[in-house]
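Notes follow once the structure below has been shown.
Chains as they are written, first to last, in my numbering: chain A, 2 to 469; chain B, -11 to 187.
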């Protein structure tokens, strides 16, 4: 029977099918971090059970870590306590641990691929909804709750009903200044914040085929923002090129054997999806959000829709705009901004820093902007320095911080103050997400950079040099 | 490890007729720093329940004394979207709730609830509206959630609707069983399967 990419990977990981119940689903690789894992270890201890395959779990500290002076003790006692719990649990159960200051430390969804832990055809989970990032490699990857973290630790399995299948095709050529982030925000704006709930998405079409691995990670990362459990892209030469030779990637004969399997990881021509959507690349412009969920996005040159023109409840829509202190019909271009955040598992990779630098080079940070530039990992920091991007940033008045999740969810000190407006390359614009009372506009690194140098929401195309 | 058994629950309900309630509202990230699962109820909907000075916002339903003691929350469409934090489900439980009713749930939140013994009940948009209307008309109106029969009933009028739950999860909820106990008993099968994995 014809199968989709998703079917092939899912079906090969089902240990047992429960009648009128979930599948017992095997997990190849499991990431844990300091916030959603401690209670799972408490559970193991209470039950008196151990970790079945410690070598399949990888711990990294990222969610509540400071992005400044990481060599000093963590000042917040609660954060320090969680970091200590992660370190102790990893040591006790023999799990690899990349704590604060470790060479391989960084945001879990950035260090996984960097170290070759993320492989095509594998299943990957983490107590973090942006685990969908790893789908860029043709893996089934999704976020889980802490009870499920405990399941994976104790038996390497979770119990999941198989999601329905959606394919999203985007074909054509992306316009000038349009990035993978814009493609994702466009799709989410079309789907709404819940349009893909219950589905696992495959992204297909020449836009994704032509996209870099980092761009694919950005797109898959944001799958959860339209409700999808995850999103994936069929592996190709770019995928294999990216993973080859990395720390945990198979080597020698194992690599050759894996390649034979990986070549089969594509949707069969006549395989069926439960639902399919087609979008045109030409319809996508640099995007920005104006509301309090990622589905409330539009082209940066557009004006905020009128309540009567939107789907869903009017009261909810008005509450959202009220929180943002915006009015229906407002233009976004020209709105004064207070903070710019470049970073997160969505846009904290080297290509994002290159894009940001392409605009700020030779310009100066606007005086009204506080900018937080947070690389996703130490490897990203190294590459920034290797390419001299740090010098460009410094000359433009920007300071590079140390790796972590930072202002994406503001568990550490990187909190946008109440009422302040931030243009952020992260993934969520929920009320208070970046700090109590903070207001967030999600956008690409290019929009963030253009805003950082002008001080107001700016269409990057108006200040970018056309290079053909 | 057992959790509360769920059979039939009859209770008044807190109404929260707002769509797309995300887990950052249910439990803001800055309160996720505990290393145990108790105590999250205090910060359940923290930024909607309290102003920036920490004073309770009196007319927010969860602070409104006329709903106090309810074990059910009726939420708007797409309840629990966003983060995978199970802390959101723990906060629901710790606040004293045992059931959330909505016309649509986000996947991970629904799973997390089921895994800790909070019953997510999905009803039609029409029935959800009936519940909101009934609660508005009479805050003491009672809703009966009957898991064995998979029905939810507005006691005042007798109007009722069925809801879906798979047999496996239903059995778990009725008995207070959890998935980890199940998985513990099939470790040999898992071990044999793991042997076949290439990486």
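No residue lacks a Cβ here, since even glycine has one placed at the ideal position from N, Cα and C.
Asked, Found
"Beta-carbon contacts of residue 302 (chain A) that lie in its chain and below 7 Å, excluding the five residues immediately before and after", "286, 334, 460"
"Contacts around residue 37 (chain B), its chain only, beta-carbon distance under 8 Å, and the 5 residues preceding and following it disregarded", "44, 45, 48, 50, 51"
"Spatial distance of residue 123 (chain A) from residue 77 (chain B) (CA atoms)", "29 Å"
"Cα-Cα separation, residue 137 (chain A) to residue 455 (chain A)", "33 Å"
"Secondary structure of residue 10 (chain B), DSSP reduced to three states", "strand"
"Amino acids of chain A, ordered along the chain, whose beta-carbon sits closer than 9 Å to that of residue 13 (chain B)", "431, 432, 433"
"According to DSSP, residues forming a beta bridge with residue 160 (chain A)", "A:25"
"Contact residues within the segment 14 to 32 of chain B, judged by C-beta distance below 7 Å to chain A", "16, 17, 18, 20, 21, 23, 24, 25"
"Distance between residue 93 (chain B) and residue 8 (chain B) (C-alpha atoms, nearest Å)", "9 Å"
"Spatially closest choice to residue 53 (chain B) from B:120, B:122, B:1, by CA coordinates", "B:1"
"Beta carbon proximity, residue 185 (chain B) to chain A, threshold 8 Å", "yes"
"Residue 14 (chain A), DSSP secondary structure in three states", "coil"
"Backbone CA spacing between residue 469 (chain A) and residue 175 (chain B) [nearest angstrom]", "Its pLDDT being 48, under 50, residue 469 (chain A) is placed unreliably in this model, and the coordinates cannot settle the point."
"At least 3 beta-carbon pairs within less than 8 Å: the segment 180 to 196 of chain A vs the segment 214 to 224 of chain A", "yes"
"Partner residues on chain B for residue 158 (chain A), Cβ-Cβ distance less than 7 Å", "171, 178"
"Spatial distance of residue 22 (chain B) from residue 79 (chain A) (CA atoms)", "7 Å"
"Coarse secondary structure for residue 214 (chain A), derived from DSSP in three states", "helix"
"Whole runs of the alpha helix (DSSP H) within the segment 163 to 234 of chain A, excluding any shorter than 4 residues", "181 to 192, 207 to 210, 214 to 222"
"Residue 177 (chain B) beta carbon less than 8 Å from that of residue 52 (chain A)", "no"
"Within chain B, partners of residue 21 (chain A) - CB distance below 7 Å", "154, 155, 156"
"Classification of residue 253 (chain A) by the beta-carbon crowding that lies within 10 angstroms, buried from 16 upward", "exposed"
"Straight-line gap, residue 400 (chain A) to residue 139 (chain A) (C-alpha atoms, nearest Å)", "35 Å"
"C-alpha gap between residue 397 (chain A) and residue 3 (chain A), whole angstroms", "54 Å"
"Same chain, Cβ closer than 6 Å to residue 29 (chain A), five either side skipped, listed in chain order", "123, 124"
"Between the CA atoms of residue 242 (chain A) and residue 95 (chain A) - distance to the nearest angstrom", "31 Å"
"4 or more residues per run - each alpha helix (DSSP H) lying fully within the segment 240 to 323 of chain A", "253 to 263"
"Cβ of residue 80 (chain A) within 8 Å of any chain B Cβ", "yes"
"Backbone secondary structure at residue 469 (chain A) - three-state DSSP", "Because the pLDDT of residue 469 (chain A) is 48, which lies under 50, any placement of that residue in the model is unreliable, and the question is left without a value."
"Within chain A, partners of residue 7 (chain B) - CB distance below 8 Å", "313, 314, 317"
"Cross-chain neighbours of residue 73 (chain B) in chain A, by beta carbon under 7 Å", "37"
"Interface positions of the segment 71 to 100 of chain A facing chain B (Cβ-Cβ less than 7 Å), listed along the chain", "79, 80, 82, 83, 86"
"Where the beta strand (DSSP E) through residue 373 (chain A) begins and ends", "371 to 374"
"Reference residue 379 (chain A); option with closest CA among A:178, A:362, A:406", "A:406"
"Interface flag, residue 258 (chain A) vs chain B, CB-CB below 8 Å", "yes"
"Under 8 Å between C-beta atoms of residue 208 (chain A) and residue 229 (chain A)", "no"
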